[in-house]
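Have a look at the structure below, then the notes.
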Amino acid sequence: LPVDQYIGGIEHAILHLLYARFFHKLMRDEGLFGGEPRGFPHPNPDGTTSHSTKHDKAVQVAGYPPEGEGASAALRAFNPLDEPFKNLLTQGMVVAPTFYRDEAGGKKQWINPADVELAVDDKGRPTGAVLKADGLPVVIGGTEKMAKSKNNGVDPQAIIDAYGADTARLFMMFAAPPDQQLEWSDAGVEGSFRFLRRVWNFGMKLKGGDTAAETAPDQAARFELHSVLKQANYDMDRHQFNTVASAGMKMLNALERLDGTSSQVAREGFSILLRLLSPITPHIAQTLWKELGLGDDILAAPWPQVDEAALVQDEIELVIQINGKLRGNLRVAKEADKTAIEQLALAHEAVQKQLGGGAAKRVIVVPGRLVNVVI
421 LPVDQYIGGI
431 EHAILHLLYA
441 RFFHKLMRDE
451 GLFGGEPRGF
461 PHPNPDGTTS
471 HSTKHDKAVQ
481 VAGYPPEGEG
491 ASAALRAFNP
501 LDEPFKNLLT
511 QGMVVAPTFY
521 RDEAGGKKQW
531 INPADVELAV
541 DDKGRPTGAV
551 LKADGLPVVI
561 GGTEKMAKSK
571 NNGVDPQAII
581 DAYGADTARL
591 FMMFAAPPDQ
601 QLEWSDAGVE
611 GSFRFLRRVW
621 NFGMKLKGGD
631 TAAETAPDQA
641 ARFELHSVLK
651 QANYDMDRHQ
661 FNTVASAGMK
671 MLNALERLDG
681 TSSQVAREGF
691 SILLRLLSPI
701 TPHIAQTLWK
711 ELGLGDDILA
721 APWPQVDEAA
731 LVQDEIELVI
741 QINGKLRGNL
751 RVAKEADKTA
761 IEQLALAHEA
771 VQKQLGGGAA
781 KRVIVVPGRL
791 VNVVI
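Numbering (this note's numbering), first residue to last: 421 to 795.
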């Protein structure tokens, strides 16, 4: 003790979590965690404090309660045995749309979303719904917490049969932070499936690549991959699993932009991606890990760490604007001065095309951000 992590819904505050904390403190006071029993503190006439135990013995505690400078901090000081859990995560609820028909007597017949065909407008907003079985209209209710009483639950087995367990896990992790409400979306499930298919296809291309002809490391790509990894590791520690999943998508985008899938950076980046995804999508991560010969068990692999050297940039990318409108990007040396940046901007293809042989009225350089050529 204490346990590293407690995960429970909001109702746990007045149910299981409350009971667990109560009995933990009771056992602590009885000395069951080691040390003398605490009992219950009460003041004595001489100013000391006694703790009554189950044997009605008074154990005097010298210096309790603390007095003078630092007394308040001493009373608030954390004792590892004072609480049964180090961290609390109160997960959000999964919500879904509801549909019903009015029955005699004012009752409602709740209909499962899987049995309803929904019509939407060009902006994706629902305009009507009918029951698939008879084609007759049903009433569109509000979006509410999944519950048997509203018959708006989604059968996870149906999702697993259609898309696989990894897709279901990825969608639930990506759709919302774990401590916030998650709105179920079939389109979101399909999007997660498409992403995992891209991961698989990239892994197969990497497996079939000519590893003997690896290219030199791409510094810009490594900077992007390790920048994303740094944020992902920070978010993982904060239990922001949705942004960790998003980081995996950013990494795949960066890998797909590489010229060749046999490059060193592609293999390094894909190894990082698989380990990042393994807690969320364990099956595809493990399969690709073995397929690429990266090891037997991805769970035994060390968690990816940021290479700080990859985050050191010799060049930076600036936005090129002409009369305030975006026209491209410009890579310059990190230490380039204003004059050098102006010359490179004026030599840029888009700027030369707009100038048409003429001269610019003014060049505005915002260090580290953009260059605006006024013509």
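Built from N, CA and C at the ideal position, the CB exists for glycine as well.
(message) Starting from G611, trace the alpha helix (DSSP H) in both directions and tell me its first and last residue.
(response) Working through the sequence shown from its first residue, we reach residue 611 at position 191. Where G611 is concerned, the enclosing alpha helix (DSSP H) stretches over D606 to K627.
(request) Take T800 as the anchor and find which of L551, D599, E523 and P787 has the nearest alpha-carbon. (result) Since the first and last residues shown for the chain are 421 and 795, residue 800 lies out of range.
(request) Just mark R751 as buried or exposed, buried being the case when its beta carbon has 16 or more other beta carbons within 10 Å. (result) One-based indexing of the sequence shown puts residue 751 at position 331. Exposed, by the Cβ-count rule.
(message) Applying the 10 Å Cβ sphere with the 16-neighbour rule, what's the burial state of L626?
(response) Residue numbering aside, residue 626 sits at position 206 when the sequence shown is read from its first letter. With 16 or more other Cβ atoms within 10 Å, it is buried.
(message) Within 8 Å, do at least three Cβ pairs link the stretch 577-588 to the stretch 536-556?
(response) no
(message) Could you check if V726 belongs to the surroundings of the ligand MN, using beta carbon to heavy atom distance under 7 Å?
(response) Among the components of this structure there are no ligands whatsoever, and the ligand MN is therefore not found.
(request) In angstroms with no decimal places, state the Cα-to-Cα distance between M669 and E735. (result) The residue you call residue 669 lines up with position 249 of the sequence shown. The residue you call residue 735 lines up with position 315 of the sequence shown. Taking the straight line from one Cα to the other gives about 25 Å.
(request) With distances taken Cα to Cα, identify the nearest neighbour of A640 among A534, E737 and F690. (result) Looking up residue 640 in the sequence shown gives position 220. Closest by alpha carbon: E737.
(message) So if DSSP puts R521 in a beta bridge, which residue, or which two residues, is it bridged to?
(response) Against the sequence shown, residue 521 aligns to sequence position 101. R521 pairs with Q529.
(request) Rounded to whole angstroms, what's the CA-CA distance from H475 to F443? Just pull it up for me. (result) The residue labelled residue 475 in the question sits at position 55 within the sequence shown. The residue labelled residue 443 in the question sits at position 23 within the sequence shown. For H475, the predicted structure reports a pLDDT of 44, less than 50, and the residue's modelled location is therefore unreliable. The matter cannot be settled from this model.
(request) List the residues that DSSP assigns as beta-bridge partners of A539. (result) Position 119 of the sequence shown, counted from the first residue, corresponds to residue 539. G548.
(message) Please tell me whether L696 and G623 are closer than 8 Å, where the distance is taken between their beta carbons.
(response) Here residue 696 refers to the residue found at position 276 when the sequence shown is read from its first residue. Here residue 623 refers to the residue found at position 203 when the sequence shown is read from its first residue. Result no, Cβ atoms of L696 and G623 do not sit closer than 8 Å.
(request) Within the stretch 677-755, note down every full beta strand (DSSP E) run reaching 3 residues or more, in order along the chain. (result) Assignment of beta strand (DSSP E) within the stretch 677-755, counting only whole runs of 3 or more residues, yields 735-742 and 745-753 in chain order.
(message) I want to know whether the stretch 509-527 touches the stretch 608-619 - three or more CB-CB distances under 8 Å.
(response) no
(message) Do R747 and A770 count as a contact pair if the criterion is CB distance below 8 Å?
(response) The sequence position of residue 770 within the sequence shown is 350, counting from 1. The sequence position of residue 747 within the sequence shown is 327, counting from 1. The answer is yes: Cβ separation under 8 Å.
(message) Going by C-alpha to C-alpha distance, which of R617, G629, V514 and L693 sits closest to P597?
(response) Walking along the sequence shown from the start, residue 597 turns up at place 177. The shortest C-alpha separation from P597 is found at V514.
(request) Using the Cα positions of A595 and E762, report the straight-line distance between them to the nearest angstrom. (result) Here residue 595 refers to the residue found at position 175 of the sequence shown. Here residue 762 refers to the residue found at position 342 of the sequence shown. Distance between the alpha carbons of A595 and E762 is about 44 Å.
(request) Have a look at T518 and L775 and give me their C-alpha separation to the nearest angstrom. (result) Numbered from 1 along the sequence shown, position 98 holds the residue referred to as residue 518. Numbered from 1 along the sequence shown, position 355 holds the residue referred to as residue 775. Roughly 60 Å separates the two Cα atoms.
(message) Between V685 and R642, how many whole angstroms is the CB-CB distance? I'm expecting something under 8 Å.
(response) Here residue 685 refers to the residue found at position 265 when the sequence shown is read from its first residue. Here residue 642 refers to the residue found at position 222 when the sequence shown is read from its first residue. The Cβ separation is near 6 Å, so the contact holds.
(request) Look at the alpha carbon of Q511 and the alpha carbon of V619, and state the distance between them as a whole number of angstroms. (result) As a working mapping, residue 511 is identified with position 91 in the sequence shown. As a working mapping, residue 619 is identified with position 199 in the sequence shown. Each residue's Cα considered, the two are about 28 Å apart.
(request) Use the C-beta contact count for W604: other C-beta atoms within 10 angstroms, 16 or more gives buried, fewer gives exposed. (result) Here the question's residue 604 lines up with position 184 in the sequence shown. It counts as buried.
(message) Just to confirm before moving on: does the CB-CB distance between G555 and M566 stay below 8 Å?
(response) Looking up residue 555 in the sequence shown gives position 135. Looking up residue 566 in the sequence shown gives position 146. The beta carbons of G555 and M566 sit no closer together than 8 Å.
(request) Please state whether DSSP places K477 in a helix, a strand or coil. (result) For the purposes of this step, residue 477 is taken as residue 57 along the sequence shown, with counting starting at 1. For K477, the predicted model reports a pLDDT of 44, less than 50, meaning its position is unreliable; a value from the coordinates is still stated below. Looking at K477 - three-state DSSP - the assignment turns out to be coil, as it is neither helix nor strand.
(request) Sort G778, S698, Q741 and R658 by Cα distance to A721 and report the nearest one. (result) Walking along the sequence shown from the start, residue 721 turns up at place 301. Comparing Cα-Cα distances from A721 to each of G778, S698, Q741 and R658, the minimum goes to S698.
(message) Please report the distance separating the alpha-carbon of F690 from that of S569.
(response) Reading the sequence shown from its first residue, position 270 is the one you call residue 690. Reading the sequence shown from its first residue, position 149 is the one you call residue 569. Answer to the nearest angstrom: the Cα atoms are 45 Å apart.
(message) Please return the same chain residues whose Cβ sits closer than 6 Å to the Cβ of L538, not counting the five positions on each side in sequence.
(response) Taking the sequence shown and counting its residues from 1, one reaches residue 538 at position 118. Excluding the 5 residues flanking it on each side, L538 has same chain C-beta neighbours closer than 6 Å at P546 and A549, in chain order.
(request) Pull up the distance between the alpha-carbon of D378 and that of D655, whole angstroms please. (result) Nothing can be reported for residue 378: it is not among the residues displayed for the chain, which extend from 421 to 795.
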